[in-house]
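Accompanying notes for the structure given below.
Protein chains: 2
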Amino acid sequence: MKNKFFTQRVCVCALLATNIAYSHKQRRNEETMIYGVVLAGGVGSRMGNMGKPKQYLLIGDKPILIHTLEKFYMQSEFEKVLVLCPVEWLSHTKNLIRRYIPDKDRIVVLEGGDTRNETIMNAIDYIEQEGNLDQETIIVTHDSVRPFVTQRILEENIRYAKEYGACDTAVAATDTIVCSEDNVVISDIPERRKMYQGQTPQTFQAMKLKELYQALTPAEKELLTDAAKIFVMKGEKVHIVEGEVFNIKITYPYDLRVAEALLKV
Amino acid sequence: MKNKFFTQRVCVCALLATNIAYSHKQRRNEETMIYGVVLAGGVGSRMGNMGKPKQYLLIGDKPILIHTLEKFYMQSEFEKVLVLCPVEWLSHTKNLIRRYIPDKDRIVVLEGGDTRNETIMNAIDYIEQEGNLDQETIIVTHDSVRPFVTQRILEENIRYAKEYGACDTAVAATDTIVCSEDNVVISDIPERRKMYQGQTPQTFQAMKLKELYQALTPAEKELLTDAAKIFVMKGEKVHIVEGEVFNIKITYPYDLRVAEALLKV
Chain P
1465 MKNKFFTQRV CVCALLATNI AYSHKQRRNE ETMIYGVVLA GGVGSRMGNM
1515 GKPKQYLLIG DKPILIHTLE KFYMQSEFEK VLVLCPVEWL SHTKNLIRRY
1565 IPDKDRIVVL EGGDTRNETI MNAIDYIEQE GNLDQETIIV THDSVRPFVT
1615 QRILEENIRY AKEYGACDTA VAATDTIVCS EDNVVISDIP ERRKMYQGQT
1665 PQTFQAMKLK ELYQALTPAE KELLTDAAKI FVMKGEKVHI VEGEVFNIKI
1715 TYPYDLRVAE ALLKV
Chain E
1465 MKNKFFTQRV CVCALLATNI AYSHKQRRNE ETMIYGVVLA GGVGSRMGNM
1515 GKPKQYLLIG DKPILIHTLE KFYMQSEFEK VLVLCPVEWL SHTKNLIRRY
1565 IPDKDRIVVL EGGDTRNETI MNAIDYIEQE GNLDQETIIV THDSVRPFVT
1615 QRILEENIRY AKEYGACDTA VAATDTIVCS EDNVVISDIP ERRKMYQGQT
1665 PQTFQAMKLK ELYQALTPAE KELLTDAAKI FVMKGEKVHI VEGEVFNIKI
1715 TYPYDLRVAE ALLKV
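Next comes the structure, spelled out in structure tokens:
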């Protein structure tokens, strides 16, 4: 992993300057519009009372969100990278991007919705307003608090979504997975070789996701908090992209320490 | 967590000397025989070719196995702590314990079996040969590569197993759990609030586990690699003990770095 991380950092530096030109060249050669959609709407109640949402906490010398945006920014296949955050953090987020990212025009900060899926719908609405929403348009949705996503993961997400319409990043479960209907007694321990721990990105054809989501009843919307699940429930195939064990979601204070350790390699 | 870890270390130092006397006093007052069973049989293929099984790798200045045994050793409710390891590592394991643990007599090194459950059966056979196996006898089985288990977790395991016959340590899933029947396409994304990531200890009334295990067909034995699952499959209740996110299993080289970071807090 040491080499991977090192290579990534070198690439970040080398590519940032030439990224815009390359992106536009790509766009001309490639009909499919692809947007990065970074979900920074969480208020992070599991992190304890630390004053600000966890995506704004520092690891190393930069906010977690900026680490994540750098990975998205250097992926030249993205037409734009949309960042969706709580309304009261809009100006802070814009300021951070101005400070850390050289070409802020390719990153657009938008207001998130009340739920994860509503936030994704806001992103799709933006793409529609830009006149770029058609059957082929792809959104690569990602947790802002997963800063260790790799270019390989992003590229496979794009490739699978083009081919199959939807894909989800996951790693084979290292833990035994246990189900409990009542949260007291175990009701099932499914076969481990069939079990995965979901990560992000989750990547979709945007129009298809919008159609499926709009067809849900309010009760179904309440239940289907995971966009990939909407596809699965409607009988649509969602392909698995192999994630990485280090593509962690920073959820608990414990994860912050792990993230600091990962940054040092 | 800082305080917890600090307290634990102070306790290790303070308790090691007085542990034996306390243990024997407990035994007289308490009919239930309780054994710690530390499973160190794995060859660790997921760690890559590092020459020795992962339980013998160092974190900080001690092998992982020794960190784990210290936690078990200081739990005075254990009559003995049984360590089961591959036959070719028996003498190395005994040497390590001689070097690091002051009262080596309370720790017994035994040969593991071909599978996790066969290894547990070897432990139960030993307890039977000692004349200590009855309906009440409890074994607290634990992965040797989970060195961050706490006394609270061990105590709750003992308490729940006394009360209910079987329990399993798990944490509410932080990841979305994904099922795939064919390892290509997602077949289900179960509701996250019902999902747990299993850890250890898994704690059982030993005779009950032995009876259930011996009643299995060879095909069932092949399938039921998890001892708690044997109980679940036979309709027996297994209670959930709340684990800790930091009670990690050291499986991949990545986990070694996380473990080093955890030791420093």
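Protein chains in written order, with my numbering: chain P, 1465 to 1729; chain E, 1465 to 1729. From the three backbone atoms N, C-alpha and C, an ideal C-beta is built for every residue, glycine too.
Among the residues of its own chain, which have a CB less than 6 Å from the CB of residue i, if the five just before and after it don't count?
{"i": "H1606(E)", "result": "V1502, T1664, P1665"}
{"i": "V1572(E)", "result": "K1544, L1546"}
{"i": "S1487(E)", "result": "Per-residue confidence for S1487(E) stands at a pLDDT of 48, beneath the threshold of 50, marking its modelled position as unreliable; the derived number appears in the next sentence. Once the five neighbours on either side are set aside, the close Cβ partners of S1487(E) are S1540."}
{"i": "Q1599(P)", "result": "M1671"}
{"i": "Y1564(E)", "result": "I1530"}
{"i": "T1614(E)", "result": "none"}
{"i": "I1588(E)", "result": "A1670, K1674"}
Can you give me the C-alpha to C-alpha distance between residue i and residue j, rounded to a whole angstrom?
{"i": "F1731(P)", "j": "Y1499(P)", "result": "Nothing in the structure corresponds to residue 1731(P), since chain P is present only between 1465 and 1729."}
{"i": "T1681(E)", "j": "E1495(P)", "result": "58 Å"}
{"i": "R1491(E)", "j": "E1619(E)", "result": "Any reading at R1491(E) needs caution, since the residue's pLDDT is 49, under 50, leaving its predicted position unreliable; the model's value is listed next. Straight-line Cα distance between these residues: approximately 16 Å."}
{"i": "M1659(P)", "j": "V1609(P)", "result": "23 Å"}
{"i": "M1497(P)", "j": "S1540(P)", "result": "12 Å"}
{"i": "V1696(E)", "j": "D1652(P)", "result": "7 Å"}
{"i": "G1576(P)", "j": "H1531(P)", "result": "20 Å"}
{"i": "G1505(P)", "j": "T1601(P)", "result": "23 Å"}
{"i": "P1611(P)", "j": "K1674(P)", "result": "27 Å"}
{"i": "Y1624(E)", "j": "V1648(P)", "result": "11 Å"}
{"i": "L1597(P)", "j": "E1708(P)", "result": "31 Å"}
{"i": "V1604(P)", "j": "L1533(E)", "result": "46 Å"}
{"i": "R1562(P)", "j": "W1553(P)", "result": "14 Å"}
{"i": "Q1661(P)", "j": "P1550(E)", "result": "30 Å"}
{"i": "R1721(E)", "j": "E1706(P)", "result": "22 Å"}
{"i": "T1715(E)", "j": "T1715(P)", "result": "21 Å"}
{"i": "T1638(P)", "j": "K1518(E)", "result": "15 Å"}
{"i": "T1557(P)", "j": "K1728(E)", "result": "33 Å"}
{"i": "A1723(P)", "j": "R1616(E)", "result": "26 Å"}
{"i": "S1555(P)", "j": "A1679(P)", "result": "34 Å"}
{"i": "M1538(P)", "j": "Y1590(P)", "result": "21 Å"}
{"i": "F1793(E)", "j": "E1592(E)", "result": "Outside the displayed range of chain E (1465 to 1729) lies residue 1793(E), so it cannot be described from this structure."}
{"i": "A1683(E)", "j": "G1595(E)", "result": "31 Å"}
On the DSSP bridge assignment, give the partners of residue i in chain order.
{"i": "A1634(E)", "result": "G1662(E), E1706(E)"}
{"i": "P1527(P)", "result": "L1522(P)"}
{"i": "H1606(P)", "result": "V1502(P)"}
{"i": "L1574(P)", "result": "L1548(P)"}
{"i": "T1667(E)", "result": "V1604(E), C1631(E)"}
{"i": "D1652(P)", "result": "C1643(P)"}
If I measure Cβ to Cβ from residue i and keep anything under 8 Å in the same chain, skipping five residues before and after, which residues do I get?
{"i": "T1579(P)", "result": "K1685, T1689"}
{"i": "D1731(E)", "result": "Lying before the first or after the last residue shown, residue 1731(E) is absent from chain E, which here runs from 1465 to 1729."}
{"i": "R1657(E)", "result": "A1636"}
{"i": "N1581(E)", "result": "Y1677, K1685, L1688, T1689, A1691, I1694"}
{"i": "P1654(E)", "result": "I1641, C1643"}
{"i": "L1455(P)", "result": "Here chain P has residues from 1465 to 1729 only, and residue 1455(P) is not among them."}
{"i": "A1485(E)", "result": "For A1485(E), the pLDDT reaches just 42, beneath the cut-off of 50, and the residue's location in the model is therefore unreliable, although a value from the coordinates is still provided. Here the set comprises nothing."}
{"i": "K1489(E)", "result": "Low confidence applies here, because K1489(E) scores a pLDDT of 41, under 50, leaving its location unreliable and the question unanswered by this model."}
{"i": "N1493(P)", "result": "Because the pLDDT at N1493(P) is just 45, under 50, the model does not fix this residue reliably, and the value given afterwards should be weighed accordingly. Cβ within range, chain order: n/a, list empty."}
Tell me the residue span of the beta strand (DSSP E) that contains residue i.
{"i": "K1544(P)", "result": "1544 to 1549"}
{"i": "E1675(E)", "result": "Looking at the DSSP string, E1675(E) is not in any beta strand (DSSP E); the run it does join, the alpha helix (DSSP H), is 1670 to 1678."}
Where do the N-terminal and C-terminal ends of the alpha helix (DSSP H) with residue i fall, by residue?
{"i": "I1617(P)", "result": "1615 to 1628"}
{"i": "E1592(E)", "result": "1580 to 1593"}
{"i": "V1722(P)", "result": "1717 to 1727"}
{"i": "E1686(P)", "result": "1682 to 1687"}
{"i": "I1561(P)", "result": "1554 to 1564"}
{"i": "F1612(P)", "result": "It is not in any alpha helix (DSSP H) - F1612(P) carries neither H nor E in the DSSP assignment."}
{"i": "I1694(P)", "result": "1691 to 1697"}
Mind checking if residue i is an interface residue toward chain B, Cβ cutoff 8 Å exclusive?
{"i": "F1710(P)", "result": "Among the protein chains in the structure shown, which are P and E, there is no chain B."}
For residue i, collect the residues of the same chain with a Cβ closer than 7 Å to its Cβ; drop the 5 residues on either side in sequence, then sort them by chain order.
{"i": "N1586(E)", "result": "L1548, L1574, E1575, G1576, G1577"}
{"i": "L1726(E)", "result": "F1612, F1710"}
{"i": "T1583(E)", "result": "L1503, G1505, L1548, G1576, G1577"}
{"i": "Q1645(E)", "result": "Here residue 1645(E) is Glu; the residue named in the question, Gln, does not match the sequence. S1651, listed in sequence order."}
{"i": "N1621(P)", "result": "V1604, C1631, T1633, P1665, T1667, V1705"}
{"i": "K1516(E)", "result": "none"}
CB of residue i to nearest heavy atom of the ligand NAD: below 7 Å?
{"i": "T1638(P)", "result": "As far as ligands go, the structure on display features none, and thus does not contain the ligand NAD."}
*Give a yes or no on contact between the region 1517 to 1527 of chain P and the region 1568 to 1575 of chain P, applying the rule of three or more CB pairs nearer than 8 Å.*
no
*Should the region 1623 to 1630 of chain P be regarded as contacting the region 1696 to 1703 of chain P, the criterion being three or more beta carbon pairs within less than 8 Å?*
yes
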